[in-house]
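Let me begin by presenting the structure, written as structure tokens, before commenting on it.
Residue numbers (full-length UniProt numbering): 1 to 276.
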């Protein structure tokens with residue numbers, strides 16, 4: 001998403017360093033979705049560079065519950081540390097993990113570690129928390145005139161679509177960002193009526209994922225290539241749908257996203273049926 005700096009209202013003066021263990025958004029048009037405008041200190045997305053790396057653990061799927069799978073991941077929401085545990089030798093459900101020779105615990109620290117495995121846990125991270133911690137700040141940067149990208153990566157079934165799109169009852173990053181975007185535009189136009197905004201969306205898919213395709217996609221993002229992506233010789237990715245622009249409200253944009261998702265779901269179902 002790119003916004004012309006010349007069309008942006010003047011940014012508000014930087015706020016003084018807060019004394020409490022919370023921070024407030026410094027964007028010129030703060031989010032209207034936030035209840036109090038604060039984010040816990042341990043969850044904020046600040047510091048050390050322009051790239052943030054976060055990880056999220058999803059709940060077990062029915063097939064995983066049925067085979068008695070054991071969760072081999074622990075997270076510390078205060079330190080953002082994620083630990084991979086050693087499989088239990090006596091648990092047949094962990095036979096595949098044992099074949100990978102996992103012999104000791106391994107810990108990694110990310111900018112954020114979201115625990116979404118069990119809704120009954122104290123530190124459970126629902127869809128709203130993901131957006132308030134991550135997506136909201138990216139939209140702040142958009143309104144400050146910067147390009148931003150949220151790149152979801154993971155194996156099939158790891159929860160990418162749920163985090164990004166969600167469900168009608170639990171919308172993900174994209175629907176929440178769209179709603180927040182139009183609310184901010186409306187607020188900005190009420191404040192400065194002579195400013196106009198144009199919203200455009202491009203919808204494409206990544207296929208045949210491998211290391212080379214990841215590098216290629218990142219190059220596309222960094223080089224800001226035009227939306228008309230062409231198929232690569234290795235067929236690592238290609239554009240699936242045309243651009244749509246001129247949206248004036250979230251329902252219009254959501255209708256397009258829903259129609260494209262239905263087409264993709266049908267294609268995935270047809271492919272799965274053909275492989276049976």
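Heads up, the beta-carbon is just placed ideally off N, CA and C, and yes, glycines get one too.
The structure displayed is predicted, hence computed values, not measured ones.
With 16 other CB atoms within 10 Å as the buried threshold, where does residue i fall?
i, result
"residue 155", "exposed"
"residue 107", "exposed"
"residue 73", "exposed"
"residue 127", "buried"
"residue 62", "exposed"
"residue 79", "exposed"
"residue 131", "buried"
"residue 157", "exposed"
"residue 121", "exposed"
Report the rounded CA-to-CA distance for residue i versus residue j, giving the unit in angstroms.
i, j, result
"residue 52", "residue 129", "16 Å"
"residue 88", "residue 172", "34 Å"
"residue 113", "residue 179", "25 Å"
"residue 168", "residue 162", "11 Å"
"residue 117", "residue 56", "9 Å"
"residue 193", "residue 185", "10 Å"
"residue 160", "residue 202", "18 Å"
"residue 124", "residue 138", "22 Å"
"residue 141", "residue 181", "12 Å"
"residue 174", "residue 50", "20 Å"
"residue 133", "residue 59", "20 Å"
"residue 170", "residue 199", "24 Å"
"residue 110", "residue 145", "26 Å"
"residue 226", "residue 191", "Bear in mind that a pLDDT of 43 at residue 226, under 50, signals an unreliable position, so the number given afterwards is only what the model happens to contain. Near 32 Å, if we compare the C-alpha coordinates of residue 191 and residue 226."
"residue 104", "residue 82", "14 Å"
"residue 64", "residue 151", "26 Å"
"residue 54", "residue 70", "23 Å"
"residue 196", "residue 77", "41 Å"
"residue 187", "residue 115", "34 Å"
"residue 183", "residue 85", "43 Å"
"residue 136", "residue 176", "9 Å"
"residue 189", "residue 68", "54 Å"
"residue 164", "residue 143", "21 Å"
"residue 153", "residue 119", "23 Å"
"residue 148", "residue 166", "20 Å"
"residue 75", "residue 66", "24 Å"
Could you please give me the residues that DSSP links to residue i through a beta bridge?
i, result
"residue 150", "DSSP lists no partner for residue 150."
"residue 114", "56"
"residue 73", "84"
"residue 184", "According to DSSP, which records beta bridges pairwise, residue 184 is partnered with nothing at all."
Would you give the residue range spanned by the beta strand (DSSP E) that residue i belongs to?
i, result
"residue 106", "106-109"
Does DSSP classify residue i as helix, strand or coil?
i, result
"residue 195", "coil"
"residue 175", "helix"
"residue 83", "strand"
"residue 135", "helix"
"residue 231", "Caution is warranted here: a pLDDT of 43 is assigned to residue 231, below 50, making its placement in the model unreliable, and no coordinate value can be reported."
Counting along the chain, where does the alpha helix (DSSP H) carrying residue i start and finish?
i, result
"residue 64", "62-66"
"residue 160", "160-164"
"residue 130", "127-130"
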